[in-house]
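Here the structure is laid out as structure tokens; the discussion comes afterwards.
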Amino acid sequence: MVSLFTASIRGIRPTLRTTARGSNSYTLHLTQRTFIPNLQIQRILTRNMSGGVKAKSDSEWRAVLSPEQFRILRQKGTEPAGTGEYDKHYEEGVYTCAGCGTPLYKSTTKFKSGCGWPAFFDAIPGAVSRHVDSSFGMQRTEITCTACGGHLGHVFKGEGFPTPTDERHCVNSVSLNFVDDKKA
Ligand SMILES: [Zn+2]
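The sequence shown runs 114 to 297 under our numbering.
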């Protein structure tokens with residue numbers, strides 16, 4: 114399975130390791146300068162090179178996340194519009210990654226978009242990474258936690274919201290935890 118998975122991707126050498134708990138994890142090494150056509154592989158490389166959090170296998174993530182958190186953060190799912198805990202939440206504080214705890218957004222950048230998901234016009238610098246997402250026949254920009262690679266949502270630009278950036282980070286509530294400034 115390993116060779117099938119990687120045979121078509123020149124320039125990448127995978128190393129398979131089996132963890133103490135019996136799950137497999139792969140470390141990917143670039144062996145030459147090459148264009149990598151597989152976006153998923155690029156994401157894995159980006160994630161591993163970020164260095165902020167040790168890469169976890171799916172079984173390790175399942176052990177620490179709820180099924181809904183796993184579906185959204187690790188399988189790029191989406192919570193139903195208008196259902197999220199933080200959709201209409203406007204307390205002062207910081208929103209952290211539900212996967213790894215990294216601070217991602219400040220409440221001062223949250224705004225009412227009416228879209229049904231928490232909306233922010235900017236992220237904490239460096240905390241959020243962007244990736245081209247061509248799924249569902251659309252060209253969108255996916256946003257992930259830089260530290261752990263967890264899926265957050267998508268970012269949209271030029272929609273005309275009266276914010277300093279004219280960007281809308283459309284984030285799943287499930288991907289976030291809120292830390293109240295007063296209790297921090
Ligand atoms: Zn994270």
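Glycine included, every Cβ here is placed at the ideal spot set by N, Cα and C.
Which stretch, first to last residue, makes up the beta strand (DSSP E) that contains residue i?
i, result
"V268", "H264 to K270"
"E173", "Here E173 belongs to no beta strand (DSSP E); instead the alpha helix (DSSP H) covers D171 to V177."
"H244", "V241 to D246"
"D54", "Since the first residue of the chain shown is 114 and the last is 297, residue 54 is not available in this structure."
"I256", "R253 to C258"
Indicate, with yes or no, if ligand 1 has a heavy atom lying under 8 angstroms from the CB of residue i.
i, result
"T222", "no"
"G263", "yes"
"G239", "no"
"T215", "yes"
"G212", "yes"
"A260", "yes"
Kindly identify the DSSP beta-bridge partner or partners of residue i.
i, result
"P216", "T209"
"A232", "F224 and C283"
Hey, is residue i's beta-carbon within less than 9 angstroms of any beta-carbon in chain D?
i, result
"C228", "No chain D is part of this structure, which consists of one protein chain only."
With respect to 8 angstroms, is the separation between the Cβ of residue i and the closest non-hydrogen atom of ligand 3 below this value?
i, result
"T196", "With respect to ligand 3, the structure shown offers nothing to examine, as its ligands consist of ligand 1."
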